[in-house]
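Participant:
Residue numbers (the UniProt record's numbering): 1 to 777.
(1) According to DSSP, simplified to helix, strand and coil, what is residue 358?
(2) Thinking C-beta only, is residue 359 closer than 8 Å to residue 295?
(3) Out of 392, 53, 405 and 711, which has the shortest C-alpha to C-alpha gap to residue 289?
(4) Buried or exposed: which applies to residue 101, given that a residue is buried once 16 or more other Cβ atoms fall within 10 Å of its Cβ?
(5) State the beta-bridge partners of residue 136 as determined by DSSP.
(6) Among 319, 312, 293 and 311, which has the Cα closest to the Cα of residue 299?
(7) Could you tell me the distance, in whole angstroms, from the CA atom of residue 766 to the CA atom of residue 193?
(8) Between the Cα of residue 621 and those of 553, 597, 37 and 145, spot the shortest distance and give me the residue it belongs to.
(9) Quick one: residues in its chain with C-beta nearer than 6 Å to the C-beta of residue 209, no 5 flanking neighbours on either side, listed in chain order?
(10) Taking only the alpha-carbon atoms, compute the straight-line gap between residue 332 and residue 91 and give it to the nearest angstrom.
(11) Please report how far the alpha carbon of residue 155 lies from the alpha carbon of residue 96, in whole angstroms.
(12) What's the call for residue 26, buried or exposed, on a 16-neighbour Cβ count within 10 Å?
(13) Going by beta carbon distance, what residues of the same chain come within less than 8 Å of residue 654, once the five residues before and after it are set aside?
(14) Among residues of its own chain, excluding the 5 on either side of residue 758, which ones have a beta-carbon nearer than 7 Å to its beta-carbon?
(15) Tell me the start and end of each unbroken beta strand (DSSP E) in the stretch 543 to 598 that is at least 3 residues and wholly inside, in chain order.
(16) Check each candidate in 690, 674 and 526 and name the one with the smallest Cα separation from residue 706.
(17) Put residue 377 into one of helix, strand or coil per three-state DSSP.
(18) Cβ atoms of residue 336 and residue 373: under 8 Å apart, would you say?
(19) Measure the C-alpha to C-alpha separation of residue 490 and residue 83 and round it to an integer number of angstroms.
(20) Specify whether the stretch 638 to 650 and the stretch 481 to 488 touch according to this definition: at least 3 beta carbon pairs, one from each stretch, less than 8 Å apart.
(21) If you run the structure through DSSP and keep just helix, strand and coil, what is residue 795?
(22) Is it buried or exposed, residue 597, if we count other Cβ atoms within 10 angstroms and call 16 or more buried?
(23) Does the structure place the stretch 211 to 227 close enough to the stretch 181 to 193 that three or more beta carbon pairs sit under 8 Å?
(24) Assuming residue 431 and residue 326 form a contact by the criterion Cβ under 8 Å, report the distance between their Cβ atoms to the nearest whole angstrom.
(25) Exposed or buried, which one is residue 539 when buried takes at least 16 other CB atoms within 10 Å?
(26) Does residue 616 come out as helix, strand or coil in the three-state DSSP assignment?
(27) Taking 7 Å as the limit between beta carbons, can you name the residues of its chain near residue 259, skipping five residues before and five after?
(28) Is residue 301 closer than 8 Å to residue 219 when the C-beta atoms are compared?
(29) Check the DSSP bridge columns for residue 369 and list the partner residues they point to.
(30) Going along the chain, which unbroken runs of the alpha helix (DSSP H) with 4 or more residues stay wholly within the stretch 162 to 223?
(31) Given that a residue counts as buried once 16 or more other Cβ atoms are within 10 Å of its Cβ, and exposed if not, what is residue 89?
(32) What are the partner residues of residue 448, as DSSP defines its beta bridges?
(33) Please state whether DSSP places residue 687 in a helix, a strand or coil.
(34) Mind checking which residues open and close the alpha helix (DSSP H) that includes residue 300?
(35) What whole-angstrom Cβ distance do residue 610 and residue 679 have, given they're in contact under 8 Å?
(36) Can you have a look at residue 664 and say buried or exposed, based on whether 16 or more other CB atoms are within 10 angstroms of its CB?
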């Protein structure tokens, strides 16, 4: 079967279609998603999933399923144990190995663990047959969270206490000395519960196999085709060049679509066995049993201050729930991603971080929008607010005393992070001014007159954009590599292929703008393509707010290389040296010896010398960007019900030079929505609820709606970055870092007269808030 890029696929055949993709595809319904791209003769797969969080597999009888109508194959873990290796974690942190078998063989370790894969002619036949697979389980005690007592049978034998690793960062000796000498020490325990990424498009995959070339092709909604390809190639012990991954339009990722999953391997193996396409699409409830989740931290934190309120030291000790298996990036998202921003831009003398990461019988965790940085910011900003309250400081004045003013030169954070500049204190001043903090007391009195409690909270944040640690792990090198390929056509068009991957954003616009500026070509004559592992040698995908930074750097080099090739072509034509040919705004110029000037546009060169300008360029990104800002939240609480209403939300952000304001506003609104929902609504279902879901109940989850989330008032306070050609800073995750502490600080402010409020944790649902108000009354 010939397979082109998925954006060229029609319905059921290889009909060519438009190449360009846009964020508007999602809302207009014009995008080509995995589940909408059909293949002749395709079969359908269904997972048999464990209904228990922890159990031995004593026997699997698949005979009735194999003989059911329409069934083509039934695969168990023993059938493929010698064929497909477990999907491995790619992070080298010292840890207990806990790779995930594509199908469980001897033991299941979380509700939803796959034990068999049934393929049939139709989805309904596959689901009906899957229900006929008889699995004899011997239940085991299970760990539902990190506080559960040790079990007789640990989740992994190599970790008898279920501790995967213990990771340390910073200067503990200096911290001990500073805490001992401090005038004030404030302590808190803070939880960032597990949450479900919940993209609008569930995960889906189609496996294809070409017997003539022994080539596997995976069509899947990923956040990076190269990373998924490489993990699967290792699992199949296959040359990556013989495993192609294609990703069409993606309806949201948020981190959940970064990894290679067992379902990817299963559709590929089934396609190879059956010699026909095999499809799998998750149901919404199934996603709760199979998709990686985010957060899952409980942190003991302490801050030391001198008598004047200057920060001395910060101690942060998270216990992290990794789930039953190590997903491909989980150790890094629990450690090295959040650690660099743990002190924000504040001036501290020392910091210590001690991460204790534990296995539980929950679904594995991995990156989720922000990946460790929101957890770090939440702890820091909640702790600062508590210190201000306990010690009698104004929260804004305390922060201002420890924040640097606007910096146009690089500064080094206490964690060692080198920041290329930012509007740190200015962000806070502007945010509190726009949010009218000065007039808040009058508004509080108005709410009190109406029987409601009003609160105001804010939080500063620092982002380390670029996902450098994650991307380096994905590339297997010290720094992430991105590439860009240019192909000029004879009619003046330019085709750009990049290794990044849109997942609902519009990554094409800044690339088109950069190419148009450099080459003097109209935007509508420039096409950007992505999502095909065979057209670009490498790409680190999307994640960590890195795509614009890395893809533009790769494209900038590719454009420069194309110009250099054009200079050489024209130098040979005009009889001059390449150094004698200049280039500006799409035109080459040269002064011949006789005083005659030669001139040619880059389009003319492409037309007269087909292929001469085409080429591919790669870069290693060594510096990300450092978005920073301040967000403020004002809310009301109904003391009779505990219901929280967010009245106003202001975001002042330094995103550097804004390339596409409409897209940035959308990213801010979406990220803040995620953050508010984490603070007020969302918590991943636990083992008991997952068992009910596995038994057929619908998943009960509270994703945010427009009823809970206000329009975000966004203020651009950008200071151009010096680390990339556009001067931009990543914007897609800042709201998930700033919103949870801003909202929770506002709740603490509204409930300042209620002692039990100090113990409120996220999510601050109405019952939790009501109990804090009425506890002891």
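Where a beta carbon is used, it is the ideal one built from N, C-alpha and C, also for glycine.
Predicted, not measured: the structure shown is a model, and the values here were computed from it.
Facilitator: A quick look at the data gives this:
(1) By one-based count along the chain shown, residue 358 stands at place 358. Note: residue 358 maps to strand in three-state DSSP.
(2) To locate residue 295, count along the chain shown from 1; it is residue 295. To locate residue 359, count along the chain shown from 1; it is residue 359. It is not a contact, given that the beta carbons lie outside the stated cut-off.
(3) Here residue 289 is taken as the residue at index 289 of the chain shown, counted from 1. The residue with the shortest Cα to Cα distance from residue 289 is 53.
(4) Here the question's residue 101 lines up with position 101 in the chain shown. Its Cβ being crowded by 16 or more others within 10 Å, residue 101 is buried.
(5) In the chain shown, counting from the first residue as 1, residue 136 sits at position 136. Paired residue(s): 59.
(6) Along the chain shown, read from residue 1 onward, the residue named residue 299 stands at position 299. That would be 319, whose Cα lies nearest to the Cα of residue 299.
(7) Your numbering for residue 766 matches position 766 in the chain shown. Your numbering for residue 193 matches position 193 in the chain shown. Going from the Cα of residue 766 to the Cα of residue 193 covers about 17 Å.
(8) As a first step, residue 621 must be located in the chain shown, where it is residue number 621. For residue 621, the closest alpha carbon among the candidates 553, 597, 37 and 145 is that of 553.
(9) Position 209 of the chain shown holds residue 209. So the list reads 216, 271 and 272, once near-sequence residues are dropped.
(10) By one-based count along the chain shown, residue 332 stands at place 332. By one-based count along the chain shown, residue 91 stands at place 91. Approximately 7 Å, taken between the alpha carbons.
(11) The residue given as residue 155 occupies position 155 in the chain shown. The residue given as residue 96 occupies position 96 in the chain shown. If I take the Cα positions, the gap works out to 11 Å.
(12) Sequence index remark: in the chain shown, residue 26 carries index 26 (1-based). Low local confidence applies: a pLDDT of 47 at residue 26 is under 50, so the model's placement there is unreliable, and no value is given.
(13) One-based indexing of the chain shown puts residue 654 at position 654. Only 422, 423, 427, 627, 628, 629, 717, 718, 719 and 729 meet the Cβ criterion.
(14) Taking the first residue of the chain shown as position 1, residue 758 is located at position 758. The answer is none, since no qualifying residue turns up.
(15) 581 to 584 and 587 to 591
(16) Mapped onto the chain shown, residue 706 falls at position 706. Looking at the Cα atoms, 674 is the closest of the given residues.
(17) Taking the first residue of the chain shown as position 1, residue 377 is located at position 377. Here DSSP, grouped into helix, strand and coil, assigns residue 377 to helix.
(18) On the chain shown, position 373 is the one that residue 373 refers to. On the chain shown, position 336 is the one that residue 336 refers to. For residue 373 and residue 336, no; Cβs fall outside 8 Å.
(19) As a first step, residue 490 is located in the chain shown; it is residue number 490 there, counting from the start. As a first step, residue 83 is located in the chain shown; it is residue number 83 there, counting from the start. Using only the alpha carbons, I get a separation of about 48 Å.
(20) no
(21) Look at the range of the chain in this structure, 1 to 777, and you will see that residue 795 is not part of it.
(22) Indexing the chain shown from 1 puts residue 597 at position 597. When all chains shown are included, residue 597 counts as exposed.
(23) Taking one beta carbon from each stretch, the stretch 181 to 193 and the stretch 211 to 227 have fewer than 3 pairs nearer than 8 Å; the two do not touch.
(24) Walking along the chain shown from the start, residue 431 turns up at place 431. Walking along the chain shown from the start, residue 326 turns up at place 326. About 39 Å separates the two Cβ atoms, so there is no contact after all.
(25) Mapped onto the chain shown, residue 539 falls at position 539. Taking all protein chains in view, the Cβ of residue 539 is crowded by 16 or more other Cβ atoms within 10 Å, so the residue is classified as buried.
(26) Mapped onto the chain shown, residue 616 falls at position 616. It is a strand residue.
(27) Working through the chain shown from its first residue, we reach residue 259 at position 259. For residue 259, where only same-chain residues beyond five positions count, the Cβ hits under 7 Å are 292, 327, 328 and 366.
(28) Against the chain shown, residue 219 aligns to sequence position 219. Against the chain shown, residue 301 aligns to sequence position 301. In this structure, residue 301 does not lie closer than 8 Å to residue 219 by Cβ.
(29) Looking up residue 369 in the chain shown gives position 369. According to DSSP, residue 369 bridges with nothing at all.
(30) 172 to 181
(31) For the purposes of this step, residue 89 is identified with residue 89 of the chain shown, where counting begins at 1. With 16 or more Cβ atoms within 10 Å of its Cβ, residue 89 is classed as buried.
(32) Your numbering for residue 448 matches position 448 in the chain shown. Answer is none; residue 448 lacks a bridge partner.
(33) Looking up residue 687 in the chain shown gives position 687. Helix, per DSSP.
(34) On the chain shown, residue 300 is found 300 positions in, with the first residue counted as 1. First-last for residue 300: 297 to 305, but that is the beta strand (DSSP E), not the alpha helix (DSSP H).
(35) Within the chain shown, residue 610 is the residue found at index 610, counting from 1. Within the chain shown, residue 679 is the residue found at index 679, counting from 1. That belief does not hold up - the Cβ atoms of residue 610 and residue 679 are roughly 57 Å apart, past 8 Å.
(36) The count along the chain shown starts at 1 and reaches residue 664 at position 664. Classification for residue 664: buried.
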